[in-house]
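Residue numbers (our numbering): 384 to 512.
Idealized CB from N, CA, C, for every residue including glycine.
What follows is a short report on a single structure.
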């Protein structure tokens, strides 16, 4: 599996902040503006981890997460961090229902996101994903 992080966010400014935070950690980053673009990139060259906004026009983050989880192994084991402005409890429940590994509510700190990415990648590697 590739060692890049796929950042999926429709808002340019937010996507840039996330991508820069990941680059500062030394990760290669690829960016998608919507769910359709994300799935195309995912299927062409699967990432090590996906950072996924929930609320996007067209195919939303919940649908992207559900689509990834419906793929055969090992693709369906790709770690997913969901980001959203949706109420914490409701959003977290929805994220877990579709298979997100971690759920963060906007606004979040880039430092917290970097920490969650490191933890999730370490856990994924330990599990042999």
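Using a 10 angstroms sphere on the CB of residue 430, the tally of other CB atoms reaches 16 or more, which defines it as buried. Per the DSSP secondary-structure output, residue 436 pairs in a beta bridge with 466.
Looking at 408, 387, 391 and 386, the one whose alpha-carbon comes closest to that of residue 493 is 408. For the pair residue 432 and residue 495, the Cα-to-Cα distance works out to about 16 angstroms.
Put simply, of 463, 415 and 414 the residue whose alpha carbon is nearest the alpha carbon of residue 502 is 463. Sequence-distant Cβ neighbours of residue 424 in its own chain, meaning closer than 7 angstroms and more than five residues away, are 389, 413 and 415. Nearest C-alpha to residue 459 among 511, 404 and 394: 511. If you look at residue 389, you'll find it isn't in any alpha helix (DSSP H); it sits in the beta strand (DSSP E) that goes 387-391. Bridge pairing for residue 415: 391 [DSSP]. Assigned with DSSP and collapsed to three states, residue 427 falls in helix. For residue 454, the three-state secondary structure derived from DSSP is coil. By the neighbour-count criterion, in which a residue is buried when 16 or more other Cβ atoms sit within 10 angstroms of its Cβ, residue 398 is buried. If the five residues before and after residue 419 are omitted, its C-beta is found closer than 8 angstroms to the C-beta atoms of 441 and 442, all from its own chain and listed in chain order.
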